[in-house]
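Residue numbers (numbering that gives the first Met the number 0), protein chains in the order written: chain U, 0 to 153; chain G, 0 to 573; chain W, 0 to 424.
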Amino acid sequence: MQVKEALLKYGSTPDKLIGAMLGYQRNTPCNYLSEDDIREFAKETGLPLSRVHSVASFYSLLSTKPRGKYIIQVCYDVPCYVNDSVNVVKDLENKLRTTMGHTTDDGMFTLEYSSCLGCCDKAPVMQIGDKLYGNLNSEKISEILSAYRRNKNE
Amino acid sequence: MNMINVKINNRQVSVPEGTSILNAAKKTGVTIPNLCYHPDQEVKANCRVCVVEVEGARTLQASCATECKEGMIIRTNTNRVRNARKTVIELLLANHDMNCTACKKNNNCSLQEIAANIGVRESRFTNVVRNQEIDTSSPAIERNQNKCIKCGRCIQMCAEVQGLSILDYIGRSDDVEVKPAYGWYLGDVACVACGQCSVVCPVAAITEKEDIEEVWEAINNPAKTVIVQTAPAVRVSLGEEFGMEPGEIVTGKMVASLRTLGFDSVFDTDFTADLTIIEEGHELLQRIKEGGTLPMLTSCSPGWINFIEQYYPELLPHLSTCKSPQQMFGALAKGYYAGKIGKKPEDIFSVSIMPCTAKKFEADRDEMKVDGKNADVDVVLTTRELGKMLKQAGVDFNKLEEEDYDAPFGLSTGAGVIFGATGGVMEAALRTVYEVVTGETLESLDFNMVRGLEGIKEAEVDLAGTIVKVAVAHSLSNARKVMELIKSGKAEYAFIEIMCCPGGCIGGGGQPLGGTDELRLKRIDAIYRADKGLPLRKSHENPAVKQLYDEFLEKPLGEKSHHLLHTHYKNRKK
Amino acid sequence: MSNDTLSKKLLTSRFGKIKADSIDDYVSTGGYSVFKKALSMSGDDIISEIKTSGLKGRGGAGFPTGLKMDSVKQAEGTPKYIICNADEGEPGNFKDRLLMENDPHQIIEGMIISAFATGTNHGYIFIRGEYIKSIRTIEIALEQARVKGYLGDNILDTGFDFDIVVHTGGGSYVCGEEFALLVSIEGKSGRATYKPPFPTTCGLYNKPTQINNVETFCNIPHIMDMGGEEFSKIGTDSSKGTKLVCLSGNVVKPGLYEVPLGTTIRSIIDDLGGGVPNNREIKMVQLGGASGPVIPKSMLDLKLCVKEMNGNDLSFGSGAIIVMDERIRVLDILKRIIEFFRHESCGKCTPCREGLTQMLILLNRFIEGTATKQDLALLDVLIETMGQASICGLGQAAPTAIKKVLKYFPEEFEGRIHSMDSVTV
């Protein structure tokens, strides 16, 4: 998707900026907005470059740095915390051989802490893309990761 | 106008509807400390220093953001308020490079002043400042992230007044920073070095580059003849650096102070301002007669030149090819005056005192080297820097006796001094052009329709039957409007004066701090008083300028003029 | 007490019984019949009904909804706006997500009735960006409503125009705060701004705006259906109606429960939630979410009722209940809470931006056992300053949990003060 297409789809007036950037970012291979993208958004909306970059840097779901194909958001807030989210983090870091805030070597997964994902009755929870996974344990995590890896190979 | 009655610290006071608690308190003789508040900007209410108690409110209220309502009971100094205010200041200091003694704004810093006034003796919190490298990439301005209090005054100034939005908040929470996009260096973005951000910064996060030491070196070098020129705007503002009221004309004291510092000759930029009018006036008439590019745009404001080169390079042909008075002076100093006093150009060290930070950039341009090697103007000092330099030398400015400029470049007319105000260049040009074209003397020298703080002003002049339309714009957001008018073919003007800074040069980025319309109006008033007080008020009547043409330049737009007094511009679109 | 008498299904009555993406299912269970009735009433009469019901905002602030609607109706300035705040980011809360995913038309119907009553033609549903399923479900529902003529121009030939647009949040808890929300809808960073003026007179684009939580709008059709008088019989004197309670943490049956207001916390945890797994003891319970107070188990007989809560200097906020058992380390929980706020603070005002960083530094000292008495005093100073001088609710409420721990579990701090006198051999 081109920036122009995203603006056509989501609207190109200043109030549609966040939605357009989210929609556009979802379709990029590295889940982020490059400098060229930010410049393009500024040019097409008529907003100053500093403002577009400021908005992109403010919101957690927008990234100005390249990330993996799949973003794994691990909830770390109290309901998940008291249900062992610490171990979810440790497990993921072990299995993916990377640390929170970083991307796996093969560029598949990026691990991120997330604020509450609104799924506290199934704590501990993580979200990958638009799918929520709850009641996690080590086994389930392995299954989920394998499924994503299989998806890529198909 | 509805009046509202409120009680502040048990004192009744009546204020117009819509007045903030902050301004109402002033009426009772109380200045509530504040940092992010600026009278000409949108209320931000983020520093939280100005909080007060309002009876009935659960939390403390920001006095800058709260309007007085009938019957409000306000207390500005209860323990609850004082403790909150102190804690807020301590929190700011905890994320601040607290080395005041070594700071450029020592003794001239709002945060320091408030901390001292409210009795902060320490910051009880852990200092978390991240010790970032200072951005010295711009020739004119320095950014020190370790001093920033995130008030956002600079952001608003750059976005609203200058229409450039170079700076904005990046990130969130305690990662928030005020920087250009991506944290780029100022020298790498399309900043125009106008320094308006530095004029409103309450601390030392954005300051002008200091070049004072270089000047001291030159003055103490017996091999150098050090000359100085002073811009029109400086003489109506320098006094503020020494506690005088804004709008005091201090020309004589200023000249005396420069001699005290050790300059060999003290000259006046107003002289070359008169010269600019002769050159530019003839250039305009030539374009009108020969069908040259119109409207013609003035070219003496380097912040404006930076703007058009970076943002509208396609309109460069509209610019007058005249150098600014500062640079005309520099070219004459090295290319004419040196020979006149039997010196080599490289023996002359030429300093200018300017209300402007962008002049530092202008002096450094490759085009501003008449001999192709050495800058025509070696160092530019802003009004603020001159104030500092005089303090360094222990000069008691207020006690100085008035002195006169040196010849030959010390004589100027009222038309030269009004360059300092928005509309001044236009008025000066009209005073001359009118008489040159019609052969008649102007009845009144005051072109009031081009004076004042309105963003874009228009006027019509009858030049021997031809109606010529002119326009005047100040601050870059208005300059942009004019550019768009020209691009759309709707600009039916022959001549447009554009000043980068609000109010013109008296509102320049190197002027005494504040950046309020109140200050600008007082300085503008002084400019026109200075004009009225001079015996000669038209550039073409300046005998020293006439002599220069007779002895050296020969004629306006002649070969010597083209070599020394005219320039060309570059497409620098980023 | 049996679950049947404890819970009362009003807003959740259709959960599991209809398909969320079927407007026909909604209509066949009585949906959209109420709004048709409302369209023949006057705005003042509708608002009067809401006032009689005693409905208060369900997002946490608890402002009387009827009063809010009245303010917007009376306010000068057009166009007016109505915004459904679905930026559910308060940790421990998932009721709005479930409402959107299971019964989206209930929200839409509530908004249409409110808009009609206040004379508003433009609506927004602000959904947090992470709730992708909710966004899809709501967008489908809106389109279905348009096709049926329940949204758009000249709705059912009444001359009333109204439509709703979805706005997606970019990932920022603070955008759930009214003013940050408005700024976000304008496409800017969600930095809260000062008030007054309030959104009812000066909201989106400086026009009168009604902002209410998802759950609040869901109540509207039920109130109009049964009548305000009947609705007001549910709950207590100061808290009318039902409350969607999100129960989570260390409980056997975490989940969403709809109970009449006035139900005790203990009965929700024990009778509905099945108590704590492995018969462990409850250490503390947090009410409302991360910005809410924590209480010891001795206070669990308190009712979810404004009067009773206020009387104990407490608030139940949006109704979440997070149970923490004896295994937890209280200071670790507090650290998690403050780190959440530090991550979500917009960074605009000094007390919140700098205060949260300093609070974390102090907390760490208590956790490491290196804190002094001065640190305890400084913590008090921070709590006071943030609560008093922050611009918005985030900064003001962030220290709530710490404040309550200092009150109910003082030993957690006092017991960790490093004493120069103590000698470890």
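The C-beta atom is built at its ideal place from N, Cα and C for all residues, glycine as well.
Consider the C-beta atom of residue i and the heavy atoms of the ligand NAP; say whether any pair is separated by less than 7 Å.
i: G/Lys-486; result: In terms of ligand content, the structure shown is empty, and the ligand NAP therefore cannot be addressed.
Among all the DSSP beta bridges, which residues are the ones paired with residue i?
i: G/Asp-134; result: G/Arg-142
i: G/Asp-461; result: G/Ile-466
i: G/Ala-472; result: G/Ile-455, G/Ile-497
i: W/Met-283; result: W/Pro-295, W/Met-323
i: G/Ile-205; result: G/Arg-142
i: U/Met-125; result: U/Val-73, U/Tyr-132
i: W/His-121; result: W/Tyr-80, W/Asp-162
i: G/Asp-584; result: One cannot answer for residue 584 of chain G here, as it falls past the ends of chain G, which runs 0 to 573.
i: W/Pro-63; result: W/Lys-55
Does the beta carbon of residue i come closer than 8 Å to any beta carbon on chain W?
i: U/Gln-1; result: no
i: U/Phe-108; result: no
i: G/Cys-200; result: no
i: U/Leu-6; result: no
i: U/Ala-146; result: no
i: G/Leu-21; result: no
Quick check on residue i - is its C-beta less than 8 Å from some C-beta in chain G?
i: U/Glu-34; result: yes
i: W/Leu-377; result: yes
i: U/Pro-47; result: yes
i: W/Ile-390; result: yes
i: U/Arg-66; result: no
i: U/Glu-153; result: Here U/Glu-153 scores only 46 on pLDDT, less than 50, and its place in the model should not be relied on; the value that follows carries that caveat. Cβ-Cβ to chain G under 8 Å: no for U/Glu-153.
i: W/Lys-402; result: no
i: U/Ser-114; result: no
i: U/His-52; result: yes
i: W/Thr-423; result: Confidence at W/Thr-423 is low in this model, with a pLDDT of 41, below 50, so the placement of that residue should be treated as unreliable; the coordinate-derived value is given next. No, because no Cβ of chain G sits closer than 8 Å to the Cβ of W/Thr-423.
i: U/Ser-56; result: yes
Sorted by chain position, which residues of the same chain lie with C-beta nearer than 6 Å to residue i's C-beta, five sequence neighbours on each side aside?
i: W/Gly-53; result: Ser-231, Lys-239
i: W/Val-164; result: Tyr-123
i: W/Arg-57; result: Asn-212, Glu-214, Thr-215
i: U/Thr-109; result: Arg-66, Gly-67, Ile-70, Thr-102
i: G/Ala-83; result: Val-50, Leu-59
Looking only at its chain, what residues have a beta carbon closer than 7 Å to the beta carbon of residue i, apart from the 5 residues adjacent to it on each side?
i: G/Pro-501; result: Val-160, His-473, Ser-474, Arg-519
i: G/Lys-554; result: Tyr-548
i: G/Lys-569; result: Glu-308
i: W/Ser-41; result: none
Give every residue of the same chain whose Cβ lies closer than 8 Å to the Cβ of residue i, excluding the five residues on either side of it in the sequence, and list them in chain order.
i: G/Lys-68; result: Ile-3, Val-5
i: W/Glu-185; result: Leu-203, Tyr-204
i: U/Asp-83; result: Pro-123
i: W/Asn-153; result: Phe-159, Asp-160
i: W/Val-422; result: Any reading at W/Val-422 needs caution, since the residue's pLDDT is 42, under 50, leaving its predicted position unreliable; the model's value is listed next. Cβ neighbours of W/Val-422 beyond the five flanking positions: none.
i: G/Val-12; result: Asn-4, Val-5, Lys-6, Ala-23, Lys-26, Thr-27
Could you check whether the Cβ of residue i sits closer than 8 Å to any Cβ belonging to chain U?
i: G/Ile-165; result: yes
i: W/Gly-202; result: no
Practice prompt. Please determine if the stretch 7–21 of chain U and the stretch 147–158 of chain G are in contact, where contact requires at least 3 C-beta pairs separated by less than 8 Å.
Written response: no
Worksheet item: Along the stretch 291–312 of chain W, what residues have a CB closer than 9 Å to any CB found in chain G?
Response: none
Worksheet item: For the stretch 171–187 of chain G, which residues have a beta carbon sitting closer than 8 Å to at least one beta carbon of chain W?
Response: Arg-171, Ser-172, Asp-173, Asp-174, Val-175
Worksheet item: Does the pairing of the stretch 245–263 of chain G with the stretch 193–212 of chain G give three or more beta-carbon distances under 8 Å?
Response: no
Discussion item. If the cut-off is 9 Å on Cβ atoms, which residues from the stretch 316–349 of chain W count as contacting chain G, listed in chain order?
Written reply: Phe-340, Arg-341, His-342, Glu-343, Ser-344, Cys-345, Gly-346, Lys-347, Cys-348, Thr-349
Worksheet item: How do the stretch 20–40 of chain U and the stretch 63–73 of chain U stand: do at least 3 beta-carbon pairs fall below 8 Å, yes or no?
Response: yes
Discussion item. Could you check whether the stretch 76–83 of chain U touches the stretch 323–340 of chain W, counting it as contact only if at least three pairs of C-beta atoms, one from each stretch, sit closer than 8 Å?
Written reply: yes
Discussion item. Can you pull out the residues from the stretch 16–41 of chain U whose beta carbon lies closer than 7 Å to at least one beta carbon of chain W?
Written reply: Leu-16, Ile-17, Gly-18, Leu-21
Worksheet item: Which residues, in order along the stretch 167–196 of chain W, keep a beta-carbon less than 9 Å from a beta-carbon of chain U?
Response: Thr-167, Gly-168, Gly-169, Gly-170, Ser-171, Tyr-172, Cys-174, Ser-183, Ile-184, Glu-185, Gly-186, Lys-187, Ser-188, Gly-189, Arg-190
Worksheet item: Counting pairs of beta carbons, one from the stretch 309–323 of chain W and one from the stretch 83–96 of chain W, are three or more of them closer than 8 Å?
Response: yes
Worksheet item: If we count Cβ pairs, one from each stretch, closer than 8 Å, do we get three or more for the stretch 385–399 of chain W versus the stretch 344–354 of chain W?
Response: yes
Worksheet entry | the stretch 220–247 of chain W: positions lying closer than 8 Å to chain U by Cβ | Cys-245, Leu-246, Ser-247
Fill in: Segment contact, 8 Å Cβ cut-off, at least three pairs: the stretch 227–240 of chain G with the stretch 258–278 of chain G
yes
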